[in-house]
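Colleague: Convert by adding 1 to the 1-based position in the sequence shown; the result is the number in this note's numbering. From the three backbone atoms N, C-alpha and C, an ideal C-beta is built for every residue, glycine too. Here's a structure for you.
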Amino acid sequence: MPHYTAAGDDGTTTLYGPGRVPKHHQQVETFGAVDEATSALGLARALAQAPRTDAVARAVQERLYLVMAELAVVAGEPIPEAFQTTAAHVEALETVAAELEAEAPAPTQFVLPGATPAAGALDLTRGIIRRAEREASRLREGGHPLNPEILRYLNRASSVVYDLARYEEHHAGRSAPRATRGGAGDA
Numbered sequence: 002m003p004h005y006t007a008a009g010d011d012g013t014t015t016l017y018g019p020g021r022v023p024k025h026h027q028q029v030e031t032f033g034a035v036d037e038a039t040s041a042l043g044l045a046r047a048l049a050q051a052p053r054t055d056a057v058a059r060a061v062q063e064r065l066y067l068v069m070a071e072l073a074v075v076a077g078e079p080i081p082e083a084f085q086t087t088a089a090h091v092e093a094l095e096t097v098a099a100e101l102e103a104e105a106p107a108p109t110q111f112v113l114p115g116a117t118p119a120a121g122a123l124d125l126t127r128g129i130i131r132r133a134e135r136e137a138s139r140l141r142e143g144g145h146p147l148n149p150e151i152l153r154y155l156n157r158a159s160s161v162v163y164d165l166a167r168y169e170e171h172h173a174g175r176s177a178p179r180a181t182r183g184g185a186g187d188a
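If you want it as structure tokens, here you go:
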């Protein structure tokens, strides 16, 4: 049995609720960016050397799936309680961030990603989560009723993923090079 339905061949997709929307609909753009972030986290997990990196990244992945589900609910439809992002989810990320920073303090300058394969994948993920955050902000500004905890969660998730990249580097005995003006050869 194929894993496709072909229902989206006309450029539309379904949300959680009645009807279909264009695949470029802002809700689809928003949960699509979150979906990309979960995939990038999967790559980071596959490359991770530290067991804690894998565990934290997986926990964030699992919550992001529920964020996607919440974002996919048709405006005006009830959001199932299991999908709802809460202040407790944000606070849990804040706790993890503090723990990671205690073990691998954040640098005081901008870093150039890529000190290790896993850290590079985590920094890519951070950028994707930031894009998801911008898309969620755009969704809200367009009049969609958005749970404000989603924006807070995405903001903290990007910070935790940044901290995870530094933690992974620390675990590997490496550190990301610091960004400097111009760089070698002013490429």
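Excluding five sequence neighbours on each side, which residues of the same chain lie with their C-beta closer than 8 angstroms to the C-beta of Glu104?
Modeller: Here the set comprises Tyr168, His171.
Colleague: Does DSSP put Thr14 in a helix, in a strand, or in coil?
Modeller: Thr14 falls in the strand class under three-state DSSP.
Colleague: Quick check: the stretch 15 to 25 against the stretch 42 to 53, are at least 3 beta-carbon pairs closer than 8 angstroms?
Modeller: No, they do not touch.
Colleague: Would you grab the beta carbon distance between Ala136 and Thr31 for me? Rounded to a whole angstrom, and I think it's under 8 angstroms.
Modeller: Correcting the residue identity first, residue 136 is Glu in this sequence and not Ala. Right, their Cβ atoms sit about 4 angstroms apart.
Colleague: Residues bridged to Val74 by DSSP?
Modeller: Paired residues: Tyr17.
Colleague: Flag this pair as yes or no: are the beta carbons of Ser176 and Ala119 separated by less than 8 angstroms?
Modeller: No, the Cβ-Cβ distance between Ser176 and Ala119 is not below 8 angstroms.
Colleague: Given this structure, state the Cα-to-Cα distance separating Arg157 from Arg139, to the nearest angstrom.
Modeller: Using only the alpha carbons, I get a separation of about 18 angstroms.
Colleague: Who does Arg179 pair with in a DSSP beta bridge?
Modeller: Answer by DSSP bridge pairing, in chain order: Val112.
Colleague: From which residue to which residue does the alpha helix (DSSP H) around Phe32 run?
Modeller: Looking at the DSSP string, the run of the alpha helix (DSSP H) that includes Phe32 is 27 to 48.
Colleague: Going along the chain, which residues of its own chain have a beta-carbon closer than 7 angstroms to the beta-carbon of Asp36, five neighbours each way excluded?
Modeller: Here the set comprises Met69.
Colleague: Which residue comes first and which comes last in the alpha helix (DSSP H) that contains His90?
Modeller: It spans 88 to 104 - the alpha helix (DSSP H) in which His90 sits, taken as one unbroken run.
Colleague: So, Arg102 versus Asp164, is the Cβ gap smaller than 8 angstroms?
Modeller: A small correction: the amino acid at residue 102 is Glu; Arg does not occupy that position in the sequence shown. Yes, they are a contact pair.
Colleague: Would you say Val91 and Ile130 are within 8 angstroms of each other, going by their C-beta atoms?
Modeller: No, the pair does not count as a contact, with Cβ atoms beyond the cut-off.
Colleague: Run the CB neighbour count on Arg179, radius 10 Å, all protein chains shown included, and call it buried at 16 or more, exposed below.
Modeller: Exposed, because fewer than 16 other Cβ atoms sit within 10 Å of the Cβ of Arg179.
Colleague: Taking Cβ to Cβ, would you say Ser160 is nearer than 8 angstroms to Ala98?
Modeller: Going by C-beta atoms, Ser160 is nearer than 8 angstroms to Ala98.
Colleague: For Arg93 and His145, which I take to be in contact (beta-carbon distance under 8 angstroms), what is that distance rounded to the nearest angstrom?
Modeller: Residue identity differs from the one stated: residue 93 is Ala in this sequence, not Arg. With a Cβ gap of about 25 angstroms, Ala93 and His145 do not count as contacting.
Colleague: Report buried or exposed for Asp10, applying the criterion of at least 16 other Cβ atoms within 10 angstroms of its Cβ.
Modeller: Per the 10 Å Cβ criterion, exposed.
Colleague: Short of 6 angstroms in beta carbon distance, which residues of its chain neighbour Ala122, apart from the five on each side in sequence? Order them along the chain.
Modeller: For Ala122, where only same-chain residues beyond five positions count, the Cβ hits under 6 angstroms are Leu44, Ala45, Leu48.
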